[in-house]
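Read through the structure below, which is laid out as structure tokens, and then see the notes.
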Amino acid sequence: MGNMKPSTNRTVCILAAIAAGWPVIASLNAQEVVELPGEDRWLEADFEEVFRIGSLAGDEWEQFGRVGRVAFDGTGRLYIFDTQASRIFVVDTGGSLIREIGRAGEGPGEFRSVMEMVAMEDGGVVAVDIEHRAYHLFDPNGDFVRMVRMGGDPSSTTVSAHLAQRGADALITVAGGRTIAFSGFISTGGGMPRPPDPTSRPILRVLLEGEEMVRDTIAEGWQPPTGESETGSRRELEFSPELYWGVLPDGTVAFSDSSAYDIRIAAAGAGVTRVLTRPLRPEPVTGRFISAERDRRLRELEARPDDELGGGRLIVEGRVLTRDPEEVRARQRERIENLQFYYEVPVIRGLSASWNGRIWVQRRGDEPVSDGPVDVLDMVGRYLGSYPTGATQIPDAFGPGGLVAFIERDDLGVQTVVVKRVPPEVN
């Protein structure tokens, strides 16, 4: 796919149609290409607040440690996954607790190290456990059903975001996208195993019908070029296009994998069938951008608590070992000083799909890592409008009836989950 840029060789009639605000449909490699207007049409982010959960003065269950994921089921019930408490809280449409799912432990249905949670449309729950190397399956009543093994190479395990594929008993995830957690075994030589360099970023469907998961590929996201770290391993260039994606209600996937404004729609068995574009250009990376980004990373590193440093997990004879915080800080400082950069700043910084099939797109702001306006498109290729910079973020979860959820954090670090209702035209 590469770093695709809009062609400047367009006919006068196409330009006139774009200026009039109509989408233009072209054919490119058997894909439908829909060109959306470049001029923004502003929307108002006047969302009705339904309820909020999370307070040091609230009930014990809502004194969250770290909210890792929120999701809705088909009835509008909210699922809140607290990674620190190893609990999933199920909340009704009024904000009252219905039940808790899971707890820390070694047995069936107990969490060793769950890093991701998926709420299915029927109310079932899937919890992704990186140390069990398995998926915990719970029924709509919250009762444990069974575990499904991850399979594959046990020497290293990577967990990325998972979402439910509506209308199917399946999940969608990516390989090569933003990693939630990684674990690996120390080899006999004392080092971590190095996986082969990727050639693409596959978008995968995960089937959990048997004792071991089965995966198939929906589409191949483009893999940007990589740099070489001080240890000789390959690593991502800063400002490289990330793989952003969301699952639409018909089971297709909307994703962005390049620095241009190209939203691709892909289906299982068919690959990419449609591309939605806007004439918004990536910006070349300058020396000022590079200096500012290094300074920003160093400031963030100094302000980050030890328990949020990351640094990976090592599993030795079944025991989980974490790295010394000062060692992690020193290595991260060195890494920041040696950052290598992509040649341009991508237009898109985030993407999600709403319950009814709207595609929310977070554009970049004035600085490379700042947020700008949020666009709303539909899955067939209409531009519905944009929320101005700072008016709203993309919700952390979308539900039926216009319900959305945001994870917010106050100055003291206390997390609150705020449920609002958005207008039908953007959900």
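First residue of the sequence shown? That's 0 in numbering that gives the first Met the number 0, and the numbers climb one at a time after it. Beta carbons are placed, not taken as given, at the ideal position from N, Cα and C, and that holds for glycine. Note that this is a predicted model, so its numbers are computed, not measured.
Close-in-space but distant-in-sequence residues of the same chain around L203 (CB under 8 angstroms, 5 per side omitted): I171, T172, V173, A174, R214, D215, T216, I217
Look at the Cβ atom of I87, then the Cβ atom of E105, and state whether they are nearer than 9 angstroms. no
Residue span of the beta strand (DSSP E) that contains V213, given as start and end: 213-221
Tell me which residue opens and which closes the beta strand (DSSP E) that A169 is part of. 169-173
Is it the case that the Cβ atoms of S353 and V425 are separated by a distance below 9 angstroms? yes
Three or more beta-carbon pairs under 8 angstroms between the stretch 256-269 and the stretch 388-404, yes or no? no
Classify S369: buried if its beta carbon has 16 or more other beta carbons within 10 angstroms, exposed otherwise. exposed
Less than 8 angstroms between C-beta atoms, sequence neighbours within five positions excluded: which residues of the same chain meet that for I335? R293, R296, L297, L300
Can you name the start and end residues of the beta strand (DSSP E) that A133 belongs to? 133-137
For V416 and I406, what's the separation of their Cα atoms in angstroms? 5 angstroms
From I24 to E59, what distance separates their C-alpha atoms? Note that I24 scores a pLDDT of 49, beneath 50, so its modelled location is shaky; the value from the coordinates is reported in the next line. If I take the Cα positions, the gap works out to 54 angstroms.
Is A56 helix, strand or coil when you go by DSSP? coil
Would you mind stating whether R332 and V344 have Cβ atoms separated by less than 9 angstroms? no
Same chain, Cβ closer than 6 angstroms to F46, neighbours up to 5 away in sequence not counted: K419, V421
C-beta atoms of Y78 and M114 nearer than 9 angstroms: no
Same chain, Cβ closer than 7 angstroms to S290, neighbours up to 5 away in sequence not counted: none
Reduced DSSP secondary structure (H/G/I, E/B, other) of F340: strand
How long is the line joining the alpha carbons of D72 and T156, rounded to whole angstroms? 28 angstroms
Helix or strand or just coil, what does DSSP make of V413? coil
Over what stretch of residues does the alpha helix (DSSP H) that includes L297 continue unbroken? 286-302
When you compare only the Cα positions, how much space is there between G183 and Y382? Summary for G183: the model assigns pLDDT 48, below 50, so the residue's position carries little reliability, and this model does not support an answer.
Can you give me the C-alpha to C-alpha distance between V89 and D142, rounded to a whole angstrom? 13 angstroms
Under the assumption that Y134 contacts V124 (Cβ atoms under 8 angstroms), give the Cβ distance between them as a whole number of angstroms. With 8 angstroms as the limit, Y134 and V124 do not qualify as a contact, their Cβ atoms being about 10 angstroms apart.
Of the residues E208, E210, P223, which one's Cα is nearest the Cα of P201? P223
When DSSP labels each residue in this structure, what does A329 get in the three-state scheme? helix
Does L247 pass the burial test, meaning 16 or more other C-beta atoms within 10 Å, or should it be called exposed? buried
Going by the CB atoms, is the gap between R145 and P197 shorter than 9 angstroms? no
In terms of alpha-carbon separation, which member of V205, R40, L162 lies closest to P372? R40
Expressed to the nearest angstrom, what Euclidean distance is found between the alpha-carbon atoms of A84 and L376? 37 angstroms
For F254, which beta-bridge partners are listed by DSSP? W244, R263
Using 8 angstroms for Cβ pairs, my map puts M119 next to A253. What's the rounded Cβ distance? Going by Cβ atoms, the distance from M119 to A253 rounds to 20 angstroms, so no, they are not a contact pair.
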